[in-house]
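Here the protein sequences come in this chain order: W and D. Counting in numbering that gives the first Met the number 0, the first sequence tops out at residue 512, every number present. Counting in numbering that gives the first Met the number 0, the second sequence tops out at residue 592, every number present.
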Amino acid sequence: MVTYVVRRLMTAALILLGASFLVYLLTAASGDPLEEFRVNNSPQKQALMDARTQLLQLDVPAPVRYFRWLGGAAQCLVPFANSCDLGKNIAGQPVTDALGHALIQTLTLVTGATILAILIGITLGIITALRQYSALDYGVTFMAFLFFSLPIFWVAVLLKEFGAIGFNNFLRDPDVPLPVALAIGLVLGVIVAVAAGGALRRRLTVGAVVFAFVSAVLIYFSATLWFKNPGLGPVVIAIAGVGIAFAVTLLSAGLKNRKALQSSLIAVAVGVVLYFVVQPLLDQATFLMIVLLAVAAVLVGLGIGYLMGGYDRGQSMRAAAITSFLVGGMILLDRFMQAWPSYFDNSRVRGRPIATIGAGTPNIEGDFWILGLDSFTHLILPTMALILISLASYTRFTRASMLEIMNMDYIRTARAKGVSERTVVMRHAFRNALIPIATIVAFDIGGLIGGAVITESVFSVRGMGFLFLDGISHTDPNPVMGVFVCVAITAMGFNLIADLAYSALDPRVRVKA
Amino acid sequence: MRFGRISKAVGVAAAAALALSACAGNSGGSTPSSSAAAGKTGGSATVVEVNAFNTFNPNTADGNTDINSKVSYATHSGFYYIDNKLNVVRNEKFGKMEKTSDNPLTVKYTINDGVKWSDGTPVTTADLLLQWAAFSGYYNDADADAKTGTSYFSYAGDPTGLALTDFPELSDDGKSMTIKYSKPFADWEIALGGPGIDIPAHVLAKKAGLADAKAFVSLLKGMPRGDSKAPKPANAQLKAMSDLWNTGFDTKTLPADPELFLSNGPYVVKTINQDQSLTMVKNKDYNWGPDAKLDEITVRYIGDSAAQVQALKNGEADIIAPQASADTVDQLKALQSQGVTVDQGNQLSYDHIDLNYSGPFADKNVREAFMKTVPRKDIVDKIVKKLDDKAKPLDSQLFVPDQAAYADSVKNNGSSAYQDVDIDGAKKLLNGATPEVRIMYNKDNPNRVDAFSLIRESAAKAGFKIVDGGLGKSDWGKALGKGGYDATIFGWINPGVGVSGVPQIFKTGNDSNFNKFSDKDADKLMDELIVTTDKSKQDGLIQQIDKKIWDSAYGLPLFQAVGVDAYSDRITGVKYMPNQTGVWWNFWEWAQK
Numbered sequence: 000m001v002t003y004v005v006r007r008l009m010t011a012a013l014i015l016l017g018a019s020f021l022v023y024l025l026t027a028a029s030g031d032p033l034e035e036f037r038v039n040n041s042p043q044k045q046a047l048m049d050a051r052t053q054l055l056q057l058d059v060p061a062p063v064r065y066f067r068w069l070g071g072a073a074q075c076l077v078p079f080a081n082s083c084d085l086g087k088n089i090a091g092q093p094v095t096d097a098l099g100h101a102l103i104q105t106l107t108l109v110t111g112a113t114i115l116a117i118l119i120g121i122t123l124g125i126i127t128a129l130r131q132y133s134a135l136d137y138g139v140t141f142m143a144f145l146f147f148s149l150p151i152f153w154v155a156v157l158l159k160e161f162g163a164i165g166f167n168n169f170l171r172d173p174d175v176p177l178p179v180a181l182a183i184g185l186v187l188g189v190i191v192a193v194a195a196g197g198a199l200r201r202r203l204t205v206g207a208v209v210f211a212f213v214s215a216v217l218i219y220f221s222a223t224l225w226f227k228n229p230g231l232g233p234v235v236i237a238i239a240g241v242g243i244a245f246a247v248t249l250l251s252a253g254l255k256n257r258k259a260l261q262s263s264l265i266a267v268a269v270g271v272v273l274y275f276v277v278q279p280l281l282d283q284a285t286f287l288m289i290v291l292l293a294v295a296a297v298l299v300g301l302g303i304g305y306l307m308g309g310y311d312r313g314q315s316m317r318a319a320a321i322t323s324f325l326v327g328g329m330i331l332l333d334r335f336m337q338a339w340p341s342y343f344d345n346s347r348v349r350g351r352p353i354a355t356i357g358a359g360t361p362n363i364e365g366d367f368w369i370l371g372l373d374s375f376t377h378l379i380l381p382t383m384a385l386i387l388i389s390l391a392s393y394t395r396f397t398r399a400s401m402l403e404i405m406n407m408d409y410i411r412t413a414r415a416k417g418v419s420e421r422t423v424v425m426r427h428a429f430r431n432a433l434i435p436i437a438t439i440v441a442f443d444i445g446g447l448i449g450g451a452v453i454t455e456s457v458f459s460v461r462g463m464g465f466l467f468l469d470g471i472s473h474t475d476p477n478p479v480m481g482v483f484v485c486v487a488i489t490a491m492g493f494n495l496i497a498d499l500a501y502s503a504l505d506p507r508v509r510v511k512a
Numbered sequence: 000m001r002f003g004r005i006s007k008a009v010g011v012a013a014a015a016a017l018a019l020s021a022c023a024g025n026s027g028g029s030t031p032s033s034s035a036a037a038g039k040t041g042g043s044a045t046v047v048e049v050n051a052f053n054t055f056n057p058n059t060a061d062g063n064t065d066i067n068s069k070v071s072y073a074t075h076s077g078f079y080y081i082d083n084k085l086n087v088v089r090n091e092k093f094g095k096m097e098k099t100s101d102n103p104l105t106v107k108y109t110i111n112d113g114v115k116w117s118d119g120t121p122v123t124t125a126d127l128l129l130q131w132a133a134f135s136g137y138y139n140d141a142d143a144d145a146k147t148g149t150s151y152f153s154y155a156g157d158p159t160g161l162a163l164t165d166f167p168e169l170s171d172d173g174k175s176m177t178i179k180y181s182k183p184f185a186d187w188e189i190a191l192g193g194p195g196i197d198i199p200a201h202v203l204a205k206k207a208g209l210a211d212a213k214a215f216v217s218l219l220k221g222m223p224r225g226d227s228k229a230p231k232p233a234n235a236q237l238k239a240m241s242d243l244w245n246t247g248f249d250t251k252t253l254p255a256d257p258e259l260f261l262s263n264g265p266y267v268v269k270t271i272n273q274d275q276s277l278t279m280v281k282n283k284d285y286n287w288g289p290d291a292k293l294d295e296i297t298v299r300y301i302g303d304s305a306a307q308v309q310a311l312k313n314g315e316a317d318i319i320a321p322q323a324s325a326d327t328v329d330q331l332k333a334l335q336s337q338g339v340t341v342d343q344g345n346q347l348s349y350d351h352i353d354l355n356y357s358g359p360f361a362d363k364n365v366r367e368a369f370m371k372t373v374p375r376k377d378i379v380d381k382i383v384k385k386l387d388d389k390a391k392p393l394d395s396q397l398f399v400p401d402q403a404a405y406a407d408s409v410k411n412n413g414s415s416a417y418q419d420v421d422i423d424g425a426k427k428l429l430n431g432a433t434p435e436v437r438i439m440y441n442k443d444n445p446n447r448v449d450a451f452s453l454i455r456e457s458a459a460k461a462g463f464k465i466v467d468g469g470l471g472k473s474d475w476g477k478a479l480g481k482g483g484y485d486a487t488i489f490g491w492i493n494p495g496v497g498v499s500g501v502p503q504i505f506k507t508g509n510d511s512n513f514n515k516f517s518d519k520d521a522d523k524l525m526d527e528l529i530v531t532t533d534k535s536k537q538d539g540l541i542q543q544i545d546k547k548i549w550d551s552a553y554g555l556p557l558f559q560a561v562g563v564d565a566y567s568d569r570i571t572g573v574k575y576m577p578n579q580t581g582v583w584w585n586f587w588e589w590a591q592k
């Protein structure tokens, strides 16, 4: 195992050296760094060219410059020496500084999107695998491929047009006319009717219920100007909480486990009571406090499950913990919604909350909730764009992997011995289907840092992609190399992790030196 | 037992609640009160820029990007600014700049009382002297080839004018300074003292270990002019100061030390959000220049033109000036219905085709014949009309239509002969010859490719054999002036104000005279031009030079680049400006409706 890792690391180092040499030469040869001065008619032209030549060492041949750069970069390997030198960019800023800032920008942009894409993608993949060749399966496949093949700059522009500009216009006077409400209800009803399984009669009923519910909710929202003063309130939290309790129990323990169901329901009840208790505390929230509250919610859930006891205490504890975490999430959501009107009317926001560019409103002031909403309104569109295009690979991989597993002999054996379908899917099939997905996820996290170049430029986030493009357009190898090294190291590191994880997850695979 | 457990749980919960309230934020109050605190800020505007701010000194070779200059322009004032008709406008409230003698050319700068930096220190001639020392390169004794001597201030601009001056004469009260030129210098008006005096001498002096600005002045007074033939060891104090001038003001965040971003203009920088935005607020002391209306100006950086347009549409930006393209202009025009105003105009950069005075074009008749075949109107129709339906070919090598003298010059310079394609005339001049002409251009620039194809098509009709000499983005610039082609299509940027650039392109033997144009009379006129200090006389001379260039069948200017800016109905007072300053030129007139 150790020899294997060491061997992989050595290969990686060699690949990195070779690739960086190549990238450096290609960047240096990609253009003329003095182009902007060549048609300059100022008498200072030569001096400017000399200054640029000196800054970028253009009088030195590119391969030699590469080794000078490598000399500086090699110092990054010396721990705690703080002598890392990746050179300077064309404006004289050290690349290490620029990278530090760009990395944070990029991670802010892509982390949420990646996590959500993985969660949604895997869920959809499993559902479509379980309902293979159903209308739902075809629908999801169609949508996944549709979004996958759309160019992201175009998706982003459409999202901005409708998700930001259109939605902000709507918020100015959030009135949903009756026909529109009915039409939206009808569309959703039809979609659900098509997607739902079962006999025609059942589908029609489900569709009708959804149609009636959605239309009614929209009419209610419109009449009460809910979009201006959104909120859930304890009643909705309680009703939704009960639903969550049933769903969580169904998936994690099975509804037959009455103790688990009771634990979850008690967790919901405690959550609704605590809703009133924590409101004054939440008014002074900080990020640390929210994290601690989340931990507390999980602990309360575990405690409830533990106290309920029963023959399988662990299941109750798990169900209650997940339920109380989700109910806590709803309380958090409700509090964000309470802050919405004051965010909306903030003089910096001027009643147009959903943003098309950047990571925050300049100069906005406010408490945790206002600032949190501000991040949310800025991140929602890029996150949606990234999710839409990366959903396809996750759903398809999960679906294929799940289908393969579901046709395995041991699944038939499990069914034959009378294991319930829930246990077959959740315990026998799902876990094994995740093994190939784990490697894909690791790959994707490796490619995450360098993978959002276009999204960054469309949403005007100056992250790694911007650094890279800007370096290329100025024929300035230093920032390009900085980005390359970061991306290459994470990609290779996560490749290694993926391989190791595979062997750790699948007992049939062994790492041999 | 059970009860015990529950009471334990309650105890734990109570302790947890206490711990949680301890880590509560001390921003205080609930949400509504804090939004009231954010409150009304009065008039404000958000302007979009392409590049991100990175230094408070826009004069250095590394720092002279447009955004740094614009921020400096809004936060500093000086003796003059340039308006959108490309005139130099004096700011007499800041001080007086007067030419006291023509021979030798002597200029006296007097700074008014009450003009001060935002830390309360008066703006004095020490600050002006610092600018003079930096811009003139007076103390530099570096010899680039021999690698000896010291180059102190790394100034991006043109030092040739101020290099003619001796150490200035300073009044005792620190309010007036007089510089004498050893020979007249045409661009004396824009050589020094504006549009902003941006680096405070007292801060630089203090940080370099000098007592105060007075010590700085006497240090400079004591030093002789640098001589690259006899370099001296570097002066440690001046070196420390120039190093600070060169890089000490570079920052992507707001420095903790307010002395590094002192203002003496209408606005002061208040916050910088790295690579996202920069906010300026009114300088409350300022009363020595045009009165600014807005309380606050925020600059946001958006590189992508479509993203700029959508930001304007979504109300996140109030003023934008995106890179003009047919798509951008269409998108902006579509916004006019929601109150957006779109301003279009010419920029100072223009494309032109130059003919080498050698090879097939050594014969003037061939040059003239070729010029007759250049379909300038078609080129404008194909490239520029989709952006600006009023676009016309540029008819002067030296003026742009925004300048008052353009119309006069065009009338007489002989450009009228090349308005329309004249194939028959060209054939007559060629007299049956079929010269082979290699045209060099940047083939990665679609506009140049279009221009080339149109020219090739038209010239071929007259019998020219056109060879495509297009080079890639990284090579065409290096090939300029190196021969290997007979004609080239590329762009110049007209300086707009100032005449020092004219001889660079058109005088015999100069660096940027790529096609080796040489005309004794024109040379003489240019020699006269750069020592002519009177604006109206300058215009007369340039008109004569323009005519000489056209008469010798130099080549043809094709069209000017199109600029576009747009602003929302919240804002008034934005006016189009063709030069680099862009919409910022009159930022003080911007107001919120």
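All C-beta atoms in this analysis are idealised placements derived from N, C-alpha and C, irrespective of residue type, glycine included. Every value quoted in this text rests on a predicted model; they were computed, and no experiment measured them.
Same chain, Cβ closer than 7 Å to residue i, five either side skipped, listed in chain order
i	result
D:THR30	Bear in mind that a pLDDT of 36 at D:THR30, under 50, signals an unreliable position, so the model cannot answer this.
D:THR270	LEU253 and THR278
W:SER456	GLY464, PHE465 and LEU468
D:LYS385	ALA325
D:THR40	In this prediction, D:THR40 has a pLDDT of 43, which is less than 50 and means its spatial position is unreliable; what the coordinates show is noted afterwards. Contacts found: ASP294 and GLU295.
W:PHE20	TYR65
Own chain partners of residue i with C-beta closer than 8 Å, once the 5 adjacent residues on each side are dropped
i	result
W:GLN337	GLY230 and TRP368
D:GLY24	Reliability of the predicted coordinates at D:GLY24 is poor, the pLDDT of 42 falling under 50, and the value obtained from them is presented with this limitation in mind. Excluding residues within five positions, none has a Cβ falling inside 8 Å.
W:VAL154	PHE146, ALA384, LEU387 and ILE388
Check whether residue i and residue j have beta carbons under 8 Å apart
i	j	result
D:VAL501	D:MET525	yes
W:VAL94	W:PRO478	yes
D:GLY344	D:TYR575	yes
W:ALA319	W:GLY309	no
D:VAL530	D:LYS182	yes
N- and C-terminal bounds of the alpha helix (DSSP H) containing residue i
i	result
D:GLU593	Outside the shown range of chain D (0 to 592) lies residue 593 of chain D, about which nothing can therefore be said.
W:MET307	286–307
Presumed contact (8 Å Cβ cut-off) between residue i and residue j, rounded CB distance
i	j	result
D:ALA125	D:ALA200	4 Å
D:ALA521	D:ILE544	5 Å
W:GLY240	W:SER419	At roughly 25 Å, the Cβ-Cβ gap does not stay under 8 Å, so W:GLY240 and W:SER419 are not in contact.
W:LEU380	W:ALA143	That pair is no contact at about 20 Å.
Residue range of the unbroken beta strand (DSSP E) whose run includes residue i
i	result
D:LEU354	340–354
D:LEU277	276–281
D:GLU435	435–440
D:MET96	94–101
Sequence-distant residues of its chain with Cβ nearer than 6 Å to residue i (five each side left out)
i	result
D:LEU168	One point to set straight first is that residue 168 of chain D is Glu, not Leu, in the sequence displayed. Only THR177 meet the Cβ criterion.
W:THR355	LYS159 and ALA163
D:ASN50	THR64 and ILE66
task: Could you tell me whether the region 484–494 of chain W touches the region 115–132 of chain W, using the rule of 3 or more Cβ pairs below 8 Å?
output: no
query: Are the region 382–401 of chain W and the region 286–296 of chain D touching, with three or more C-beta to C-beta distances below 8 Å?
result: In short, these stretches do not touch, since the Cβ pair count stays below three.
message: Using 8 Å as the cut-off, can you tell me whether the region 420–438 of chain W makes contact with the region 184–199 of chain W, which would need three or more C-beta pairs spanning the two stretches below that distance?
response: no
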